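A.B. asks:
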Amino acid sequence: TKGHGNITFKEAFALSSNIGISKPIFKYYKKNPKKYYEGLKKLGVHLPLGLDIVGEANPFVKDPADRKNWYGTTLPQMSIGYEIKQTPLQTLTLYNAVANNGKMVKPQFVMEIKKGIKTVKTFEPIVLNDKICSDKTIKTVREFMEEVVETGTAKKLKSASFKIAGKTGTAQIYENGRYSKEKYLASFCGYFPADQPKYSCIVVIRETKSGAYYGAEIAAPVFKEIADKIYSRKLEMHSYLNSPFKKMSKAPELKPTRMADVATIAAELRIKNVVDDQGAEWVTGSAQGRKIKLSERKINESTVPDVIGMGIKDAIHLLENNGLTVQVKGVGRVYRQSLPAGNKIYKGQSILIELKPI
Numbered sequence: 047t048k049g050h051g052n053i054t055f056k057e058a059f060a061l062s063s064n065i066g067i068s069k070p071i072f073k074y075y076k077k078n079p080k081k082y083y084e085g086l087k088k089l090g091v092h093l094p095l096g097l098d099i100v101g102e103a104n105p106f107v108k109d110p111a112d113r114k115n116w117y118g119t120t121l122p123q124m125s126i127g128y129e130i131k132q133t134p135l136q137t138l139t140l141y142n143a144v145a146n147n148g149k150m151v152k153p154q155f156v157m158e159i160k161k162g163i164k165t166v167k168t169f170e171p172i173v174l175n176d177k178i179c180s181d182k183t184i185k186t187v188r189e190f191m192e193e194v195v196e197t198g199t200a201k202k203l204k205s206a207s208f209k210i211a212g213k214t215g216t217a218q219i220y221e222n223g224r225y226s227k228e229k230y231l232a233s234f235c236g237y238f239p240a241d242q243p244k245y246s247c248i249v250v251i252r253e254t255k256s257g258a259y260y261g262a263e264i265a266a267p268v269f270k271e272i273a274d275k276i277y278s279r280k281l282e283m284h285s286y287l288n289s290p291f292k293k294m295s296k297a298p299e300l301k302p303t304r305m306a307d308v309a310t311i312a313a314e315l316r317i318k319n320v321v322d323d324q325g326a327e328w329v330t331g332s333a334q335g336r337k338i339k340l341s342e343r344k345i346n347e348s349t350v351p352d353v354i355g356m357g358i359k360d361a362i363h364l365l366e367n368n369g370l371t372v373q374v375k376g377v378g379r380v381y382r383q384s385l386p387a388g389n390k391i392y393k394g395q396s397i398l399i400e401l402k403p404i
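Here the numbering used here = 1-based position in the sequence shown + 46.
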């Protein structure tokens with residue numbers, strides 16, 4: 047391309063080069079655009095997802111058989127996302143299939159129903175397409191998406207803790223019969239951790255007022271904030287938990303912790319726990335040999351909770367659930383909080399928590 051010089055298709059993808067993508071697509075499919083169209087149909091992008099809530103818009107993919115609406119520019123335009131209609135959730139479903147080794151599943155809004163800590167109903171995945179493409183193609187596409195974050199338009203998303211893969215998007219908004227030169231959609235769609243995908247997410251922002259409009263500048267930072275927050279709360283994503291633990295001779299004391307995390311901790315450390323209250327959300331624990339005796343820690347949602355001694359994951363979760371905006375300084379465990387525990391919480395109030403290694 048003129049702007050990037052001679053680049054590979056992978057580099058064109060990573061750098062969001064419209065010319066680098068559209069030229070080869072046009073070259074190889076201009077004599078048989080029907081083949082390109084049929085390839086899109088195999089992915090299922092022309093079909094609605096059949097969501098369990100009302101309001102899903104129907105996707106639209108141009109068919110070259112429709113001579114009235116197929117132009118000389120349609121194929122290169124379609125190759126970079128124009129002249130196609132997809133909702134954000136429909137787009138995310140395709141990316142999720144890439145993360146899921148080619149298996150496309152229907153988006154569901156409820157995974158399970160719980161009463162306390164007991165699961166009373168589970169909703170199993172609904173498969174829409176067992177294999178959207180070959181394993182070789184999936185591997186290639188995943189490498190392309192990782193390159194976007196490694197060296198491409200989303201390199202600001204690189205994280206030392208976990209890998210992200212995805213694609214930035216910047217599109218002119220179509221209105222009044224033409225594409226606007228002033229209004230844009232900025233997006234980032236991807237998944238993480240890239241090497242062992244667990245979460246997929248899409249961020250779409252319309253008509254920003256900041257002056258910036260590229261997906262890498264507007265949507266990607268929001269994606270990273272979401273990913274970082276999830277990572278901080280999910281113990282199973284932390285690499286040290288994947289290393290084998292030696293059997294402990296004595297159970298540790300347990301700082302205030304969510305009951306949902308206790309099972310994970312106990313399983314990894316190979317210790318048993320005794321639960322006084324099966325319905326407790328927050329508990330503390332005292333060591334009794336190789337067992338931990340758990341006691342409920344009740345939380346008053348109208349007052350500032352005491353998070354001294356907590357890790358950042360639990361502290362942020364508890365404070366934000368009580369309506370506070372959290373600022374963090376340092377690493378380790380909380381040793382100081384700017385608002386005293388027990389104070390009444392006011393709408394929009396912020397709290398600073400300071401952490402240090404213990």
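Cβ coordinates follow ideal geometry from the N, Cα and C atoms, glycine included. For clarity, every value in this text was computed on a predicted model and none was experimentally measured.
1) Would you kindly work out how many angstroms separate the C-alpha atoms of Gly394 and Leu370, rounded to a whole number?
2) What residue range is occupied by the uninterrupted alpha helix (DSSP H) comprising Ser68?
3) Under DSSP, the beta strand (DSSP E) around Ala211 begins and ends at which residues?
4) Who are the Cβ neighbours of Ala58 in its own chain at under 6 Å, not counting the five residues just before and after it?
5) Please report the residue range of the alpha helix (DSSP H) in which Ile397 lies.
6) Excluding the 5 residues flanking Phe433 on each side, which residues of the same chain have their C-beta closer than 7 Å to its C-beta?
7) At which residues does the beta strand (DSSP E) containing Ile159 begin and terminate?
8) Expressed to the nearest angstrom, what Euclidean distance is found between the alpha-carbon atoms of Lys375 and Leu365?
9) Per DSSP, which residues does Glu342 bridge with? Please list them.
10) Among the candidates Thr165, Val156, Lys161 and Ala143, whose CA atom is the shortest distance from the CA of Cys179?
11) Quick one: what's got a C-beta closer than 7 Å to Asn368's C-beta in the same chain, skipping five residues either side?
12) Does the structure place the region 97-117 close enough to the region 225-245 that three or more beta carbon pairs sit under 8 Å?
13) Of the residues Asn146, Met124, Lys114 and Asn115, which one's Cα is nearest the Cα of Pro243?
14) Near Val250, which residues of its chain fall below 7 Å by C-beta distance, leaving aside the five closest residues on each side in sequence?
15) Touch check for the region 105-123 and the region 71-89: three-plus C-beta pairs under 8 Å?
16) What residues in its chain sit with their C-beta under 7 Å from that of Ala361, if we drop five residues either side in the sequence?
17) Report all residues from its chain with a CB closer than 8 Å to the CB of His363; omit the five preceding and five following residues, and keep chain order.
18) With DSSP as the reference, identify every bridge partner of Arg113, one or two as the case may be.
19) Let me know if Val412 comes out buried or exposed under the rule of 16 or more other beta-carbons within 10 Å of its beta-carbon.
20) Candidates Leu93, Lys88, Tyr75 and Tyr141: which alpha carbon is nearest Thr119's?
21) Taking the C-alpha atoms as reference points, what is the distance between Phe55 and Asn389?
C.D. replies: With the structure as the only source:
1) The residue you call residue 394 lines up with position 348 of the sequence shown. The residue you call residue 370 lines up with position 324 of the sequence shown. About 7 Å.
2) Locating residue 68 in the sequence shown gives position 22, counting from the first residue. Judged by DSSP secondary structure, Ser68 falls within the alpha helix (DSSP H) whose first and last residues are Asn64 to Tyr75.
3) Against the sequence shown, residue 211 aligns to sequence position 165. First-last of the beta strand (DSSP E) with Ala211: Ala211 to Glu221.
4) Sequence index remark: in the sequence shown, residue 58 carries index 12 (1-based). Cβ within range, chain order: Gly66 and Ile67.
5) Taking the sequence shown and counting its residues from 1, the one referred to as residue 397 is at position 351. No alpha helix (DSSP H) holds Ile397; the beta strand (DSSP E) holding it covers Ser396 to Lys402.
6) Look at the range of the chain in this structure, 47 to 404, and you will see that residue 433 is not part of it.
7) The residue given as residue 159 occupies position 113 in the sequence shown. That run of the beta strand (DSSP E) goes Glu158 to Lys161.
8) What you label residue 375 is simply residue 329 of the sequence shown in a count that begins at 1. What you label residue 365 is simply residue 319 of the sequence shown in a count that begins at 1. Rounded to the nearest angstrom, the two C-alpha atoms are 15 Å apart.
9) As a first step, residue 342 must be located in the sequence shown, where it is residue number 296. Glu342 is bridged to Val329.
10) Reading the sequence shown from its first residue, position 133 is the one you call residue 179. Nearest C-alpha to Cys179: Ala143.
11) Counting from one through the sequence shown, the residue named residue 368 turns up at place 322. Excluding sequence neighbours, Asn368 sits near Glu347, Pro351 and Ile391.
12) no
13) Counted from its first residue, the sequence shown places residue 243 at position 197. That would be Asn146, whose Cα lies nearest to the Cα of Pro243.
14) The sequence position of residue 250 within the sequence shown is 204, counting from 1. The answer, listed in chain order, is Pro134, Leu231, Ser233 and Ala265.
15) Of all C-beta pairs linking the region 105-123 to the region 71-89, three or more are shorter than 8 Å, placing the two stretches in contact.
16) Numbered from its first residue, the sequence shown carries residue 361 at position 315. Closer than 7 Å at Cβ, skipping near neighbours: Val353, Val380 and Ile399.
17) Numbered from 1 along the sequence shown, position 317 holds the residue referred to as residue 363. So the list reads Arg279 and Arg304, once near-sequence residues are dropped.
18) As a working note, residue 113 is residue 67 in the sequence shown. Answer by DSSP bridge pairing: none, since Arg113 is not bridged.
19) This structure leaves residue 412 out entirely; the chain is present only between 47 and 404.
20) In the sequence shown, the residue the question calls residue 119 occupies position 73. When only C-alpha atoms are compared, the closest one is Tyr75.
21) Stepping through the sequence shown from its first residue, residue 55 is reached at position 9. Stepping through the sequence shown from its first residue, residue 389 is reached at position 343. Distance between the alpha carbons of Phe55 and Asn389: 58 Å.
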